[in-house]
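Engineer: Encoded as structure tokens, here's the structure I'll be asking about.
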Amino acid sequence: MFSLFLEQLLNGLQSGVMLFLMASGLTLVFGVMGLINLAHGSLYMVGAFACAAVAAWTGSFWLGLVASLMAAALAGALVEMLVIRRLYKRDHLDQVLATFALILIFSEGTRWIFGSFPLFLNVPEALSGTVTIPGGSQYPIFRLAIIVAGLIVAAGLFALIGKTRLGTRIRAGEADREMIAALGINIDRLYTVVFALGAALAGLAGAFVGTTQSVQVGMGEPVLILAFVVIVIGGIGSIKGALIGSLLVGFTDTMGRFLLPIGFEAFFDPASATAIGSALASMLIYIVMALVLFLRPSGLFGTEA
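So, in structure tokens, the structure goes:
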């Protein structure tokens, strides 16, 4: 039982790290640009399809991983320059409608290029084995590698935002975009870089998750909903909040699906306990979000209005 519990903890950590890659890009875009981007999940899908396609063509998952970053960043930069740039001074309803249209365009474009059938990514041979975790269970090496890689990327993002000149400009743009424009910084270029960075993070998450599930059209929208939950819990515009919120959502969702059915077995037959527990587990993250908003309306690390 202990090994199974530890396995679910690791699954929750993996889920949280992948959510952070999605949510950090989303909160960067909203925090710096004030833009509601519903198409962020489509960039996640672009990364997954690019990785699957290039890995299939070349036989190398690592080349596919590089392709996911490049394809998602390029798609993000083009979207920002051609569409998003015209929405900054528009109200949020226009942003929602325009980015929802982008979801449809990306979905149909992907279906036209790759077809309606899902693609599958093979785990690289070097990471295809398992390791024994405390308690005796076997845990896939690749899932551990995903956790480590995600944490390294998270540390790199914190260093980028907090220790570099680009990070200083991003934080300044979040605080007062008119002032940094007056100081001679090319605000359009900064916005393109931020949008491409957020897109690359989403594409990387898509490539990683594509190894654990099929790569298919529309795969980004469910993850986008969870990413919005994360930034509401963590606080809009806060990278630290995105990390804590992602881990909280990842652990809550995974452990809820594991523990609630077991708890209800004391009151119901196993089939009913599983059904009831699974249903409640799917609502648990939204209950947590509501509780956080009740206690801190701006999120855990958001700035009070």
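In the numbering used here, the protein residues as written are 1 to 305.
Using N, Cα and C, we set each Cβ at its ideal position, and we do this for glycine too.
Give me the Cα-Cα distance between Asp94 and Pro134, rounded to the nearest whole angstrom.
Structural biologist: Taking the straight line joining both Cα atoms gives about 52 Å.
Engineer: Just tell me which of Leu4, Ala23, Gly115 and Pro124 has its CA closest to the CA of Ser60.
Structural biologist: The residue with the shortest Cα to Cα distance from Ser60 is Pro124.
Engineer: Residues in its own chain within less than 8 Å of Phe142 by CB, not counting five upstream and five downstream?
Structural biologist: Closer than 8 Å at Cβ, skipping near neighbours: Val123, Pro124, Leu127, Ser128 and Thr211.
Engineer: Could you tell me which uninterrupted alpha helix (DSSP H) segments, each at least 4 residues in length, are contained entirely in the region 206-278, listed from first to last along the chain?
Structural biologist: You should have 220-234 and 239-264.
Engineer: Between Gly162 and the rest of its own chain, which residues show a CB-CB distance below 6 Å, the 5 nearest in sequence each way excluded?
Structural biologist: Excluding sequence neighbours, Gly162 sits near nothing in its chain.
Engineer: Taking C-beta to C-beta, are Phe99 and Gly237 nearer than 8 Å?
Structural biologist: Per the sequence shown, the amino acid found at residue 99 is Thr instead of Phe. Cβ distance not < 8 Å, so Thr99 and Gly237 don't count as in contact.
Engineer: DSSP has Pro118 in a bridge; who is on the other side?
Structural biologist: According to DSSP, which records beta bridges pairwise, Pro118 is partnered with nothing at all.
Engineer: Is Gly198 closer than 8 Å to Val29 when the C-beta atoms are compared?
Structural biologist: A contact, by the Cβ cut-off of 8 Å.
Engineer: Is Thr130 helix, strand or coil by DSSP?
Structural biologist: In the structure shown, Thr130 sits in a strand (DSSP, three-state: E or B).
Engineer: Out of Phe208, Glu265 and Ile231, point me to the one whose CA is closest to Leu144's CA.
Structural biologist: Closest by alpha carbon: Phe208.
Engineer: Under a three-way DSSP split, which group does Tyr139 fall into?
Structural biologist: Residue state, collapsed to three classes: strand.
Engineer: Report the rounded CA-to-CA distance for Thr58 versus Ala50, giving the unit in angstroms.
Structural biologist: Approximately 12 Å between the Cα atoms of the pair.
Engineer: So, for Leu6: in the same chain, excluding its five sequence neighbours on each side, which residues have a beta-carbon less than 7 Å away from its beta-carbon?
Structural biologist: So the list reads Ile133, Pro134 and Gly135, once near-sequence residues are dropped.
Engineer: Could you tell me if Ala164 is buried or exposed, where buried requires 16 or more neighbouring beta carbons within 10 angstroms of its beta carbon?
Structural biologist: Here residue 164 is Thr; the residue named in the question, Ala, does not match the sequence. Its Cβ having fewer than 16 others within 10 Å, Thr164 is exposed.
Engineer: Residues in the same chain with beta-carbon distance under 8 Å from Gln14, minus the five sequence neighbours each way, listed in chain order, please.
Structural biologist: Excluding residues within five positions, the ones whose Cβ falls inside 8 Å are Arg143, Ile146, Ile147, Gly150 and Gly250.
Engineer: Beta carbon of Leu204, beta carbon of Leu69: below 8 Å?
Structural biologist: Yes, Cβ-Cβ distance for Leu204 and Leu69 is below 8 Å.
Engineer: If I'm right that Gly241 touches Leu300 with Cβ under 8 Å, what's the distance once you round it to whole angstroms?
Structural biologist: So it is a contact: roughly 5 Å between Cβ atoms.
Engineer: Grouping DSSP H, G and I as helix and E and B as strand, with all else coil, what is Ser60?
Structural biologist: If DSSP states are grouped into helix, strand and coil, Ser60 belongs with coil.
Engineer: For the alpha helix (DSSP H) containing Asn186, list its first residue and its last residue.
Structural biologist: Taken as a continuous stretch (DSSP letters only), Asn186 belongs to no alpha helix (DSSP H), as it is neither H nor E.
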